[in-house]
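Undergrad: Residues 1 to 172, numbered by full-length UniProt numbering, are exactly what the sequence shown covers, in order. Supplied in structure tokens, the structure appears directly below.
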Amino acid sequence: RPANRTRLEWKSTFTFNTANQKKRKKGSCFQKEEQHNMKKFLNILLQICILFIFSYIGAVIHNLFHLVIPGSIIGLLLLFICLCLKIVPVKYIENGAGFLLSTLMLFFIPSTVGIMNYPSLLSIQGALLVAAILLSTIITIAIAGTASQFFEKKAQERKDDKECSKFSSHSA
């Protein structure tokens, strides 16, 4: 009897695989979706590699010139300059950066767990640490909100000026 069960399981597995192979016929919707997902994955991977290259170049510059600024910050500054000068278009790093930002919280887990090994640090300076975190968060939110409102106001003024100039040119 065990041999029969094995045969039946093998046969059902074979049938399942045959059914999947029918779904994967060339040009099928299923295959196109798989190709799209693979292209998206490779695109994100390539964009992360571009970000890594900038970080690596920053590390090399840091080691060559023995600078005080960390290599990762130098790499970010190089990336920022290349983005501002449009040497590297935003679309070359947009999806990769978005993926890294969406998984950013995972990178904090090891350091948070590591802090748990030092309860004296948290008990003595815990209140001071929490106060510093809260204060810096409030300041960051306030500055980001003010800057956002400022830039939104400037954009609205430009839009209004553009509409006014359009109407004045039509009436003349």
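All C-beta atoms, glycine included, are put in the ideal place defined by N, C-alpha and C. Predicted model only: the values in this text are computed from it and were never measured.
Is V90 near C82, with beta carbons less than 8 angstroms apart?
TA: Cβ atoms of V90 and C82: not closer than 8 angstroms.
Undergrad: Going by the CB atoms, is the gap between F54 and L79 shorter than 8 angstroms?
TA: The answer is yes: Cβ separation under 8 angstroms.
Undergrad: Taking the alpha-carbon positions, what's the I42 to L76 distance?
TA: In the sequence as displayed, the identity of residue 42 is Leu instead of Ile. Those two C-alpha atoms are separated by around 23 angstroms.
Undergrad: Please state whether DSSP places I87 in a helix, a strand or coil.
TA: If DSSP states are grouped into helix, strand and coil, I87 belongs with coil.
Undergrad: Can you tell me whether I141 is buried or exposed, with buried defined as 16 or more other CB within 10 angstroms of its CB?
TA: Counting Cβ neighbours within 10 Å, I141 comes out exposed, since fewer than 16 surround it.
Undergrad: DSSP state of S28, grouped into three classes?
TA: In this structure, S28 counts as coil in the three-state DSSP scheme.
Undergrad: In whole angstroms, give me the CA-to-CA distance for G145 and K154.
TA: Rounded to whole angstroms, G145 to K154 spans 14 angstroms at the Cα level.
Undergrad: When you compare the CB positions of I48 and G98, do they come within less than 8 angstroms of one another, or not?
TA: Taking 8 angstroms as the Cβ cut-off, I48 and G98 do not qualify as a contacting pair.
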